[in-house]
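The block underneath contains the structure these notes are about, expressed in structure tokens.
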Amino acid sequence: MKTNRMTKWLIVSATLMGAVACSSNNTLPQATTRASMTASVDDYTYLIGPGDSLAIFVWRHPDISGSFQVRPDGKITTSLVEDIEVSGRTSTQLARELEEQLGKYIRDPIVTVSVGRFSGPFSEQVRVIGEAANPVSVSYSEDMTLLDLMITVGGMTEFADGNGAKLIRVVDGVQTEYSVKLDDLIREGNISSNVDILPGDIVIIPEAWF
């Protein structure tokens with residue numbers, strides 16, 4: 007009886023080890039680097055993203071107007087238009103597209119789109135990682151600066167090497183790394199160390215070596 011149990015245990019163990027060995031040969035695809043559509047603070051326009059709440063008004067058609075939540079896949083479904091992609095569009099672009107789609111069912115539709123509860127697409131969000139007091143993704147706001155961003159995340163931990171921080175920016179598919187002086191900016195109040203933030207920026211704050 008004990009021999010049979012031992013044999014079964016060895017078979018199960020060998021099977022599990024084989025499964026682990028097979029799975030270890032698989033590799034995950036590398037994440038795609040999404041470049042921001044905003045190259046400078048002067049050409050920023052808010053883009054709709056998952057989690058946003060949209061108020062869509064169709065003139066003289068209250069029955070197909072209403073509020074719609076952008077799904078995690080970046081789409082919404084309206085009364086007459088199913089699964090329309092809205093993420094990455096401006097409210098004006100979406101209004102014109104809805105007019106085109108609704109024109110198949112009603113005559114000369116006039117559509118207005120307004121956005122509430124702003125989140126924006128993931129490619130436009132700003133991220134702070136490492137020794138931030140509250141590492142988090144932040145929805146970009148027009149004219150956001152590095153100081154605004156650090157206030158939002160609650161500053162740095164006591165272990166942070168603020169002057170060793172890096173800002174990663176991707177524009178038109180090209181990734182560039184910049185040095186930022188967070189200690190000078192936050193702890194010494196040197197405003198000359200403040201810089202503009204763009205959608206999609208990533209700030210990495212390393213730990214100090216004592």
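Sequential numbering of the sequence shown, starting at 7, is according to the working numbering.
We put the CB at the ideal spot given by N, CA and C, even for glycine.
Select from the options the residue whose C-alpha is nearest the C-alpha of residue i.
{"i": "I208", "options": "V134, E130, S199 and P78", "result": "V134"}
{"i": "S120", "options": "E130, M162, Y184 and G72", "result": "G72"}
{"i": "D202", "options": "G179, V180, P212 and I174", "result": "I174"}
{"i": "R113", "options": "P205, M150, W65 and T182", "result": "W65"}
{"i": "P212", "options": "G122, I157 and K172", "result": "K172"}
{"i": "G195", "options": "P127, Y50 and M156", "result": "M156"}
{"i": "S97", "options": "V76, V176 and L191", "result": "V76"}
How long is the line joining the alpha carbons of residue i and residue j, rounded to whole angstroms?
{"i": "T52", "j": "G170", "result": "Residue 52 is actually Tyr in this sequence, not Thr. So the alpha carbons of these two residues sit roughly 31 Å apart."}
{"i": "F74", "j": "I90", "result": "12 Å"}
{"i": "D79", "j": "S143", "result": "18 Å"}
{"i": "G55", "j": "I197", "result": "32 Å"}
{"i": "S93", "j": "Q131", "result": "13 Å"}
{"i": "A45", "j": "L153", "result": "20 Å"}
{"i": "L86", "j": "D69", "result": "10 Å"}
{"i": "D189", "j": "K81", "result": "42 Å"}
{"i": "Y184", "j": "I210", "result": "10 Å"}
{"i": "E103", "j": "R193", "result": "49 Å"}
{"i": "E148", "j": "G136", "result": "24 Å"}
{"i": "A138", "j": "D178", "result": "28 Å"}
{"i": "T151", "j": "E106", "result": "38 Å"}
{"i": "D48", "j": "F63", "result": "29 Å"}
{"i": "S129", "j": "G122", "result": "19 Å"}
{"i": "G206", "j": "L60", "result": "22 Å"}
{"i": "K187", "j": "S199", "result": "6 Å"}
{"i": "Y111", "j": "Q99", "result": "20 Å"}
{"i": "Y50", "j": "T163", "result": "31 Å"}
{"i": "T83", "j": "V180", "result": "35 Å"}
{"i": "V176", "j": "G109", "result": "38 Å"}
{"i": "E88", "j": "L191", "result": "49 Å"}
{"i": "H67", "j": "P115", "result": "9 Å"}
Can you give me the Cβ contacts of residue i inside the same chain, cut-off strictly under 7 Å, excluding the 5 residues immediately before and after it?
{"i": "A101", "result": "V117, T118 and V119"}
{"i": "A214", "result": "F165, A166 and D167"}
{"i": "A37", "result": "For A37, the predicted structure reports a pLDDT of 43, less than 50, and the residue's modelled location is therefore unreliable. A value from the coordinates is still provided. Within the same chain, A37 has no close Cβ partners at all."}
{"i": "R95", "result": "L53 and I54"}
{"i": "T182", "result": "R175"}
So, at 6 Å on beta carbons, what are the nonlocal neighbours of residue i in its own chain, with the 5 sequence-adjacent residues on each side left out?
{"i": "S231", "result": "For residue 231 there is no data in the structure shown, the boundaries of the chain being 7 and 216."}
{"i": "N140", "result": "V159 and G160"}
{"i": "P127", "result": "L53, G55, S93 and G94"}
With a threshold of 8 Å between beta carbons, is residue i in contact with chain E?
{"i": "V201", "result": "Chain labels in this structure do not include chain E; a single protein chain is all it has."}
Do residue i and the ligand PLP come close, with the Cβ less than 7 Å from some heavy atom?
{"i": "D114", "result": "As for the ligand PLP, it is missing from this structure, which has no ligand bound."}
Which runs of the beta strand (DSSP E), 3 residues or longer, sit entirely within the segment 123-179? 132-136, 142-144 and 171-177
Within the segment 55-124, note down every full alpha helix (DSSP H) run reaching 4 residues or more, in order along the chain. 97-108
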